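Notes for the one structure printed next.
Protein chains: 2
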Amino acid sequence: MAASDINIGLNAVIMAVTGGAPRVLTVHKGVLSEYAPTEIRPTALPFGPFEPNRHRTLELGLREWVKEQTGLSLGYVEQLYTFGDRNRDPRERADGSRVVSIGYLALVRENSPFRTKDAEWVNCYDFLPWEDWRKGRPPLLDQFIFPALEKWIMSEPVEQTQRAERASIAFATTDSRWDIERVLDRYELLYEAGLVVEANRDAVLKKNEVGVGRSFALDHRRMLATALARVRGKIKYRPLVFELLAPTFTLLKLQNVVEALSGVGLHKQNFRRLVTNNRLVEQTGNIDTKSRGRPAALFQFRRDAVRERSQPGVGLPVRQSP
Amino acid sequence: MAASDINIGLNAVIMAVTGGAPRVLTVHKGVLSEYAPTEIRPTALPFGPFEPNRHRTLELGLREWVKEQTGLSLGYVEQLYTFGDRNRDPRERADGSRVVSIGYLALVRENSPFRTKDAEWVNCYDFLPWEDWRKGRPPLLDQFIFPALEKWIMSEPVEQTQRAERASIAFATTDSRWDIERVLDRYELLYEAGLVVEANRDAVLKKNEVGVGRSFALDHRRMLATALARVRGKIKYRPLVFELLAPTFTLLKLQNVVEALSGVGLHKQNFRRLVTNNRLVEQTGNIDTKSRGRPAALFQFRRDAVRERSQPGVGLPVRQSP
DNA sequence: GTAATAGTGTCTTTCAGACAGTATGAC
DNA sequence: GTCATACTGTCTGAAAGACACTATTAC
Numbered sequence: 058m059a060a061s062d063i064n065i066g067l068n069a070v071i072m073a074v075t076g077g078a079p080r081v082l083t084v085h086k087g088v089l090s091e092y093a094p095t096e097i098r099p100t101a102l103p104f105g106p107f108e109p110n111r112h113r114t115l116e117l118g119l120r121e122w123v124k125e126q127t128g129l130s131l132g133y134v135e136q137l138y139t140f141g142d143r144n145r146d147p148r149e150r151a152d153g154s155r156v157v158s159i160g161y162l163a164l165v166r167e168n169s170p171f172r173t174k175d176a177e178w179v180n181c182y183d184f185l186p187w188e189d190w191r192k193g194r195p196p197l198l199d200q201f202i203f204p205a206l207e208k209w210i211m212s213e214p215v216e217q218t219q220r221a222e223r224a225s226i227a228f229a230t231t232d233s234r235w236d237i238e239r240v241l242d243r244y245e246l247l248y249e250a251g252l253v254v255e256a257n258r259d260a261v262l263k264k265n266e267v268g269v270g271r272s273f274a275l276d277h278r279r280m281l282a283t284a285l286a287r288v289r290g291k292i293k294y295r296p297l298v299f300e301l302l303a304p305t306f307t308l309l310k311l312q313n314v315v316e317a318l319s320g321v322g323l324h325k326q327n328f329r330r331l332v333t334n335n336r337l338v339e340q341t342g343n344i345d346t347k348s349r350g351r352p353a354a355l356f357q358f359r360r361d362a363v364r365e366r367s368q369p370g371v372g373l374p375v376r377q378s379p
Numbered sequence: 058m059a060a061s062d063i064n065i066g067l068n069a070v071i072m073a074v075t076g077g078a079p080r081v082l083t084v085h086k087g088v089l090s091e092y093a094p095t096e097i098r099p100t101a102l103p104f105g106p107f108e109p110n111r112h113r114t115l116e117l118g119l120r121e122w123v124k125e126q127t128g129l130s131l132g133y134v135e136q137l138y139t140f141g142d143r144n145r146d147p148r149e150r151a152d153g154s155r156v157v158s159i160g161y162l163a164l165v166r167e168n169s170p171f172r173t174k175d176a177e178w179v180n181c182y183d184f185l186p187w188e189d190w191r192k193g194r195p196p197l198l199d200q201f202i203f204p205a206l207e208k209w210i211m212s213e214p215v216e217q218t219q220r221a222e223r224a225s226i227a228f229a230t231t232d233s234r235w236d237i238e239r240v241l242d243r244y245e246l247l248y249e250a251g252l253v254v255e256a257n258r259d260a261v262l263k264k265n266e267v268g269v270g271r272s273f274a275l276d277h278r279r280m281l282a283t284a285l286a287r288v289r290g291k292i293k294y295r296p297l298v299f300e301l302l303a304p305t306f307t308l309l310k311l312q313n314v315v316e317a318l319s320g321v322g323l324h325k326q327n328f329r330r331l332v333t334n335n336r337l338v339e340q341t342g343n344i345d346t347k348s349r350g351r352p353a354a355l356f357q358f359r360r361d362a363v364r365e366r367s368q369p370g371v372g373l374p375v376r377q378s379p
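Sequences listed follow chains A and B, in order.
Residue 58 is where the first sequence starts when you use our numbering, and the numbers rise one by one after that.
Residue 58 is where the second sequence starts when you use our numbering, and the numbers rise one by one after that.
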């Protein structure tokens, strides 16, 4: 047993919704220089090593690193997943130590102050472009992903059936509908099919350098996919959205945030009826003046909804026609 | 940064439903002798250290340890949570190293073969007796827990409101209904209120030794609570139950397993209608002979349900009257 | 007036909750 | 026959999906 060659990394997927898109806070070279080998310095999630002597809990360690690297004080934080596959970090090949990373999801409000020098908000759908269906079915799917997946399915006669089955479930290629929550399934399928660059980066041979979506350091895109899957699932039964909104908001604003996260357009009237009938929000009595048309009433989250309802989340009445 | 003083532990909450109760596989002294200090050897979850040189992934490491300690070959496994609070393992106080443990949930079938010498199935509700409402509201709640919680709420005037709010949500003390999924909330509240023995064991001072429910090593009861919460939530939207059942089963058997896990009685006719109308199961054409009354049709899980439905789980039509 | 967004009302269908009643075995 | 369990049918009310319509602002 060799305890000496384990490192624990703490990674934060920090999300906000700004300008109609879900964004993730990224850091670049400079902050990474101490921990990453010089040759690899793409966009990365904020991260730092867990230091047992300094950090009383894992989450406190994460908050400290994020504060230090981005100047951001986190509010809502939850643990996502712990990643420990061999060679998920190229440093392992160099010095033989194993890096196990604990991924966290954090949600912050649009205008949370942070240091612009080291950190930057990036649209989540730059990394996962096939996940945004708000303007209809992404052309990328039919133009690139499906043909490539088909090729991958056919390339291995023994696994053909199983691969087709997985693709069918994840990407709704046959009868089933697009399931907004299967973000991780889809990413993993694309990874296995070699359709994202990091799949080839991790392999010893660099077969081809093409790939779909913007790349992330190490397995950070997988962490982002894990985070988005979690948010999309949890939004329905926990009041997560309100961590991303100002204390008061219009119903349209609320809807737009939910749409940005879920990646689908929602039916306006039914959405409004759901959140108000559920008594998830209540009017503040004030009016929003900045809107273009008729001024909208301002709402706020009803904290009592948590006690009253066992699953206090927003419904997702998907709009069928564009 | 001191990498040398981190250990990663792998813990398995292995569940099965036998004899009408959800059970967890436990190990005792002997297997633990190498890793636990001699003075503490109560019931424990199977666990072992993650060994970077031996284990390609965390999950494979876990499977290996479980196989070695209990003789059980795991099927369905999912990661639960990573626990890293300071002093969650008393060994930390002794040698100064930090133990971070990754908890896993595994589901196995009733008759899965294992070594009886080292391992033993224990009713989950021995550890969490307030969670079993199948025979009505547990008397323990009114007789012991509520009075003790009330005392705890009142003992700190500043936190009084917040504590009362939390207790109200977790234990449904006021208007809200009992929420079967808030297993972890309830355990954590009891822990903070000092009503489970490990709360006092962890503290430096041993104020009192009373506690509700059977005790577990270290923070293993917390892990069990995490696991039960996960199962109860997930059973509604993923076909988890079938990991615990034989390939074919009667609808009553299915209902009993779901009831054991969820800890509530279900409405028979409505339950049957839900699973059959959802096309989650299908008849095999065979008949169960061992039943007492009219022979029941045998069913099997319809794998296609996963592709057809986005949330393929069993509904929980809670029976109101006993 | 138009454009744009806010908000109300209602019809229809689906489905969960509740309950009544019938069927088929062992004894 | 009784007891026990399996299975079928139906009434009701809540809520979601879909759509039509009115309201209030800026210009």
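Yeah, the Cβ is synthetic: ideal placement off N, Cα and C, and Gly gets one too.
For clarity, every value in this text was computed on a predicted model and none was experimentally measured.
Would you say residue i faces chain B, with C-beta separation under 7 Å as the test?
{"i": "residue 91 of chain A", "result": "Legend: pLDDT at residue 91 of chain A = 48, less than 50; position of this residue unreliable, value from coordinates given subsequently. No, its Cβ sits nowhere closer than 7 Å to a Cβ of chain B."}
{"i": "residue 281 of chain A", "result": "no"}
{"i": "residue 141 of chain A", "result": "yes"}
{"i": "residue 319 of chain A", "result": "no"}
{"i": "residue 185 of chain A", "result": "no"}
{"i": "residue 79 of chain A", "result": "no"}
{"i": "residue 114 of chain A", "result": "yes"}
{"i": "residue 109 of chain A", "result": "yes"}
Rounding to the nearest angstrom, what Cα-Cα distance links residue i and residue j in this structure?
{"i": "residue 126 of chain A", "j": "residue 325 of chain A", "result": "39 Å"}
{"i": "residue 112 of chain A", "j": "residue 161 of chain B", "result": "24 Å"}
{"i": "residue 354 of chain A", "j": "residue 222 of chain B", "result": "29 Å"}
{"i": "residue 152 of chain B", "j": "residue 66 of chain B", "result": "16 Å"}
{"i": "residue 176 of chain A", "j": "residue 311 of chain A", "result": "26 Å"}
{"i": "residue 150 of chain B", "j": "residue 156 of chain B", "result": "11 Å"}
{"i": "residue 228 of chain A", "j": "residue 243 of chain A", "result": "7 Å"}
{"i": "residue 361 of chain B", "j": "residue 108 of chain A", "result": "47 Å"}
{"i": "residue 73 of chain A", "j": "residue 136 of chain A", "result": "17 Å"}
{"i": "residue 255 of chain A", "j": "residue 280 of chain A", "result": "13 Å"}
{"i": "residue 321 of chain A", "j": "residue 124 of chain B", "result": "45 Å"}
{"i": "residue 376 of chain A", "j": "residue 146 of chain A", "result": "41 Å"}
{"i": "residue 84 of chain A", "j": "residue 187 of chain A", "result": "24 Å"}
{"i": "residue 343 of chain B", "j": "residue 374 of chain B", "result": "27 Å"}
{"i": "residue 97 of chain B", "j": "residue 140 of chain B", "result": "Because the pLDDT of residue 97 of chain B is 47, which lies under 50, any placement of that residue in the model is unreliable, and the question is left without a value."}
{"i": "residue 336 of chain B", "j": "residue 214 of chain A", "result": "31 Å"}
{"i": "residue 89 of chain B", "j": "residue 274 of chain B", "result": "Residue confidence is low: residue 89 of chain B scores 46 on pLDDT, short of 50, so the model does not pin down where it sits. No coordinate-derived value is stated."}
{"i": "residue 101 of chain A", "j": "residue 189 of chain A", "result": "21 Å"}
{"i": "residue 301 of chain B", "j": "residue 181 of chain A", "result": "38 Å"}
{"i": "residue 390 of chain A", "j": "residue 358 of chain A", "result": "No statement about residue 390 of chain A is possible, as the shown extent of chain A runs from 58 to 379 and does not include it."}
Pop quiz: residue i and residue j are said to be a contact at Cβ under 8 Å. What is the actual Cβ separation, rounded to whole angstroms?
{"i": "residue 217 of chain A", "j": "residue 226 of chain A", "result": "That pair is no contact at about 15 Å."}
{"i": "residue 236 of chain A", "j": "residue 158 of chain B", "result": "Residue 236 of chain A to residue 158 of chain B, Cβ: 33 Å. No contact."}
{"i": "residue 77 of chain B", "j": "residue 334 of chain B", "result": "So it is not a contact: roughly 26 Å between Cβ atoms."}
{"i": "residue 165 of chain A", "j": "residue 131 of chain A", "result": "7 Å"}
{"i": "residue 171 of chain B", "j": "residue 128 of chain B", "result": "5 Å"}
Identify whether residue i lies in helix, strand or coil by the three-state DSSP scheme.
{"i": "residue 138 of chain B", "result": "strand"}
{"i": "residue 248 of chain A", "result": "helix"}
{"i": "residue 376 of chain B", "result": "coil"}
{"i": "residue 371 of chain A", "result": "coil"}
{"i": "residue 107 of chain B", "result": "coil"}
{"i": "residue 273 of chain B", "result": "coil"}
{"i": "residue 303 of chain A", "result": "coil"}
{"i": "residue 343 of chain B", "result": "strand"}
{"i": "residue 71 of chain A", "result": "strand"}
{"i": "residue 204 of chain B", "result": "helix"}
{"i": "residue 337 of chain B", "result": "coil"}
{"i": "residue 295 of chain B", "result": "coil"}
{"i": "residue 114 of chain B", "result": "coil"}
{"i": "residue 237 of chain A", "result": "coil"}
{"i": "residue 101 of chain A", "result": "strand"}
{"i": "residue 144 of chain A", "result": "coil"}
Quick one: does residue i have its CB under 7 Å from some CB of chain A?
{"i": "residue 158 of chain B", "result": "no"}
{"i": "residue 62 of chain B", "result": "yes"}
{"i": "residue 236 of chain B", "result": "yes"}
{"i": "residue 226 of chain B", "result": "yes"}
*Entirely within the region 158-201 of chain B and at least 3 residues each: give me those beta strand (DSSP E) ranges in chain order.*
176-180
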